[in-house]
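A.B. asks:
Residue numbers (the numbering used here): 555 to 1049.
#1: With a 10 Å radius around its C-beta and 16 neighbouring C-beta atoms as the bar for buried, classify residue 803 as buried or exposed.
#2: Opposite residue 984 in the DSSP bridges: which residues?
#3: Can you find the residues in the same chain that come closer than 8 angstroms, C-beta to C-beta, to residue 1063, ignoring five residues on each side of it along the sequence?
#4: Which ranges would you report for the alpha helix (DSSP H) in the stretch 619 to 690 if only whole runs of at least 4 residues count?
#5: Among the residues of its own chain, which have a CB less than 8 angstroms from the CB of residue 664, if the five just before and after it don't count?
#6: Indicate whether residue 905 and residue 1024 have their beta-carbon atoms separated by less than 7 angstroms.
#7: Tell whether a beta-carbon distance below 7 angstroms holds between residue 1103 and residue 680.
#8: What residue from 928, 820, 1042, 722 has the CA that sits closest to residue 677's CA?
#9: Tell me the DSSP bridge mates of residue 1028?
#10: Tell me, to the nearest whole angstrom, how far the beta carbon of residue 611 is from that of residue 597; I am working on the premise that it is less than 8 angstroms.
#11: Can you say whether residue 785 is buried or exposed, counting buried as having 16 or more other CB atoms within 10 angstroms of its CB?
#12: Based on Cα-Cα distance, which residue from 823, 604, 829, 594 lies nearest to residue 796?
#13: What is the rounded straight-line gap between the Cα of residue 1046 and the Cα of residue 860?
#14: Apart from the five residues just before and just after residue 740, which ones in its own chain have a Cβ nearer than 7 angstroms to its Cβ?
#15: Straight-line CA distance for residue 886 to residue 650?
#16: Between residue 972 and residue 992, what straight-line distance do the alpha-carbon atoms span, to the nearest angstrom?
#17: According to DSSP, residue 1042 sits in a beta bridge with which residue or residues?
#18: DSSP state of residue 760, grouped into three classes?
#19: Would residue 926 and residue 620 qualify as a contact pair, given that the criterion is a beta-carbon distance under 7 angstroms?
#20: How big is the Cα-Cα spacing for residue 583 and residue 1026?
#21: Where residue 599 and residue 1029 are concerned, what is the direct C-alpha to C-alpha distance, given to the nearest angstrom?
#22: Nearest to residue 630 by alpha carbon, out of 929, 1018, 923, 850?
#23: Could you please give the first and the last residue of the uninterrupted alpha helix (DSSP H) stretch that includes residue 936?
#24: Quick check on residue 1035: buried or exposed, where buried means 16 or more other Cβ atoms within 10 Å of its Cβ?
#25: Report all residues from its chain with a CB closer than 7 angstroms to the CB of residue 688; omit the five preceding and five following residues, and keep chain order.
#26: Assign residue 726 to buried or exposed, taking buried as 16 or more other Cβ atoms, counted over all protein chains shown, within 10 Å of its Cβ.
#27: May I have the straight-line CA-CA distance separating residue 613 from residue 707, to the nearest angstrom?
#28: Would DSSP call residue 883 helix, strand or coil?
#29: Helix, strand or coil for residue 583 per DSSP?
#30: Threshold first: 4 residues or longer. Then list the alpha helix (DSSP H) segments lying entirely within the stretch 678 to 755, N to C.
#31: Out of curiosity, what's the CA-to-CA distance linking residue 846 and residue 643?
#32: Note the first and the last residue of the continuous alpha helix (DSSP H) segment covering residue 911.
#33: How big is the Cα-Cα spacing for residue 710 and residue 983?
#34: For a quick check, are the C-beta atoms of residue 893 and residue 959 less than 7 angstroms apart?
#35: Which residues does DSSP pair with residue 927 in a beta bridge?
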């Protein structure tokens, strides 16, 4: 009797035969990674939905030494606050920022890979010329805010998340790609969809082992939506980009100060004129600006509604500054709105967008000045909570709207505590050369929107409703998206 060399396999057996080697490889890779970090204590569990408790425990148990937070993809070595200055001084070939971002947001699948040099120079183009584009921002705000908030002089319950996300996406689009696309519903929807779906896609991919991501990506509707958003952006951007390239061929054409031009001028190897590269870049820039700015504004509005005693002092400061500026706020005046600036810094302190800051990936084995040795390929970070509760602030767990104005006055240093300033005690925007380059533009945008709402709307929570608790997922932090606030248009002459 002939004995077949290969017996037919059932579908389950075939699947097992394919997956078993993958599991074995993944097991040994994870084991190898853990063995390299064996000297560090581990705090928390990898499957935690919220790492807040683990970080609080770690900071309490190991205030002056490193420990491991078992985050998805790879464990993160949490460093003490004493190493902030050393971390920010390291070059990219020692502690990499871009690779850490790509790993954390699974950029290979979410299309989030970008050229840092191009992004920074493009953002700086906007920052340097913010005085010139101020009128565009104000005009876009006037066009969009009434429709976004959709209230009149009667109190109305409003989902602020939806309204603010729409408003911020439109204002950013006006500055980045111009009026035509900022008023195009399909464009704005594509930017918002990409912003939202990237965050969901990352969470869903992390439910599976890393080695399965390349397969699972094809099963997730969020990944399909991401690619559909890119296709929409490219289609809508094409005539705008074609016109720009034609205009650039004219000898006396004055380059606009927008992100389209920034990508054209600063992209490597001339790729800024390539439609897909330009489209991906605009989606990434849109996500980076829309996500954090909308969260900042939502938290600020929750804090306003929860602290009605702040409304009149903020309005008085605004009205005085507008009068001094001759009826319109000037860019230079935004840093002089010290009550508003303090309010925003305090809101950010109480509600950062992440539990961790100064995230890096070690490119080489790194020995820090305190003797901590971290192997190559390791994620590191410093917890924001260390700064919030570092003992230098009075009643750090209490929201004190004008805390930083008072500190600046007491120390005679008005600039030290500005909202956009970063230091070892203020890591909301990062710190050092890799601090968020868009924070200056974002601060003006947030203040302009907040000023408009303060001057033209009343805001409160419904009776019996308190400020909603912040939502934590993994190390990410965000406002509660379900709670509504009460809004109404102010009647002229009321206080």
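Here a beta-carbon is modelled for each residue, glycine too, at the ideal position from N, C-alpha and C.
C.D. replies: Concretely, from the data shown:
#1: Locating residue 803 in the chain shown gives position 249, where the first residue counts as 1. It counts as exposed.
#2: Indexing the chain shown from 1 puts residue 984 at position 430. Answer by DSSP bridge pairing, in chain order: 982.
#3: One cannot answer for residue 1063 here, as it falls past the ends of the chain, which runs 555 to 1049.
#4: 638 to 643, 652 to 658, 661 to 664, 670 to 682
#5: Numbered from its first residue, the chain shown carries residue 664 at position 110. 752, 755, 756, 777, 780, listed in sequence order.
#6: Counting from 1 along the chain shown, the entry for residue 905 is found at position 351. Counting from 1 along the chain shown, the entry for residue 1024 is found at position 470. For residue 905 and residue 1024, yes; Cβs fall inside 7 angstroms.
#7: As shown, the chain starts at 555 and ends at 1049. That puts residue 1103 outside it, with no answer to give.
#8: Numbered from 1 along the chain shown, position 123 holds the residue referred to as residue 677. If we check each option's Cα against that of residue 677, 820 comes out closest.
#9: Position 474 of the chain shown, counting from 1, holds the residue named residue 1028. The partner list for residue 1028 (beta bridge, DSSP) reads 604.
#10: Position 57 of the chain shown, counted from the first residue, corresponds to residue 611. Position 43 of the chain shown, counted from the first residue, corresponds to residue 597. Their Cβ separation, rounded to whole angstroms, is 6 angstroms, which keeps residue 611 and residue 597 in contact under 8 angstroms.
#11: Locating residue 785 in the chain shown gives position 231, where the first residue counts as 1. Residue 785 is exposed by the Cβ-count criterion.
#12: Here residue 796 refers to the residue found at position 242 when the chain shown is read from its first residue. If we check each option's Cα against that of residue 796, 829 comes out closest.
#13: Your numbering for residue 1046 matches position 492 in the chain shown. Your numbering for residue 860 matches position 306 in the chain shown. About 24 angstroms.
#14: Position 186 of the chain shown holds residue 740. Closer than 7 angstroms at Cβ, skipping near neighbours: 786, 790.
#15: Position 332 of the chain shown, counted from the first residue, corresponds to residue 886. Position 96 of the chain shown, counted from the first residue, corresponds to residue 650. C-alpha separation (whole angstroms): 35 angstroms.
#16: As a first step, residue 972 must be located in the chain shown, where it is residue number 418. As a first step, residue 992 must be located in the chain shown, where it is residue number 438. Roughly 15 angstroms between the two C-alpha positions.
#17: Translated into the one-based positions of the chain shown, residue 1042 becomes position 488. BP columns for residue 1042 point to 1012.
#18: Start at 1 with the first residue of the chain shown, and residue 760 comes out as number 206. Coil.
#19: Taking the chain shown and counting its residues from 1, one reaches residue 926 at position 372. Taking the chain shown and counting its residues from 1, one reaches residue 620 at position 66. In contact: residue 926 and residue 620 (Cβ atoms closer than 7 angstroms).
#20: Your numbering for residue 583 matches position 29 in the chain shown. Your numbering for residue 1026 matches position 472 in the chain shown. Residue placement at residue 583 is flagged as unreliable, the pLDDT there being 49, under the threshold of 50; the coordinate-derived value follows with that caveat. Rounded to the nearest angstrom, the two C-alpha atoms are 29 angstroms apart.
#21: Locating residue 599 in the chain shown gives position 45, where the first residue counts as 1. Locating residue 1029 in the chain shown gives position 475, where the first residue counts as 1. The straight-line gap from Cα to Cα measures roughly 13 angstroms.
#22: In the chain shown, the residue the question calls residue 630 occupies position 76. The residue with the shortest Cα to Cα distance from residue 630 is 929.
#23: Residue 936 sits at position 382 when you count from the first residue of the chain shown. Careful: residue 936 lies outside any alpha helix (DSSP H), inside the beta strand (DSSP E) at 933 to 937.
#24: Counted from its first residue, the chain shown places residue 1035 at position 481. That one is exposed.
#25: Taking the first residue of the chain shown as position 1, residue 688 is located at position 134. Result list for residue 688: 885, in chain order.
#26: Counting from one through the chain shown, the residue named residue 726 turns up at place 172. Looking at its Cβ environment, which holds 16 or more other Cβ atoms inside 10 Å, residue 726 is buried.
#27: For the purposes of this step, residue 613 is taken as residue 59 along the chain shown, with counting starting at 1. For the purposes of this step, residue 707 is taken as residue 153 along the chain shown, with counting starting at 1. Using only the alpha carbons, I get a separation of about 49 angstroms.
#28: By 1-based counting over the chain shown, the position of residue 883 is 329. Coil at residue 883, not helix or strand.
#29: Indexing the chain shown from 1 puts residue 583 at position 29. With a pLDDT of 49 at residue 583, under the threshold of 50, the modelled position of this residue cannot be trusted, and the question is left open.
#30: 684 to 703, 714 to 731, 733 to 736
#31: Along the chain shown, read from residue 1 onward, the residue named residue 846 stands at position 292. Along the chain shown, read from residue 1 onward, the residue named residue 643 stands at position 89. Between residue 846 and residue 643, the C-alpha separation is close to 25 angstroms.
#32: Here residue 911 refers to the residue found at position 357 of the chain shown. That residue, residue 911, is in no alpha helix (DSSP H); its beta strand (DSSP E) goes 910 to 916.
#33: One-based indexing of the chain shown puts residue 710 at position 156. One-based indexing of the chain shown puts residue 983 at position 429. Using only the alpha carbons, I get a separation of about 34 angstroms.
#34: Walking along the chain shown from the start, residue 893 turns up at place 339. Walking along the chain shown from the start, residue 959 turns up at place 405. Against a cut-off of 7 angstroms, the Cβ pair of residue 959 and residue 893 comes out as a contact.
#35: Your numbering for residue 927 matches position 373 in the chain shown. Residue 927 is bridged to 921.
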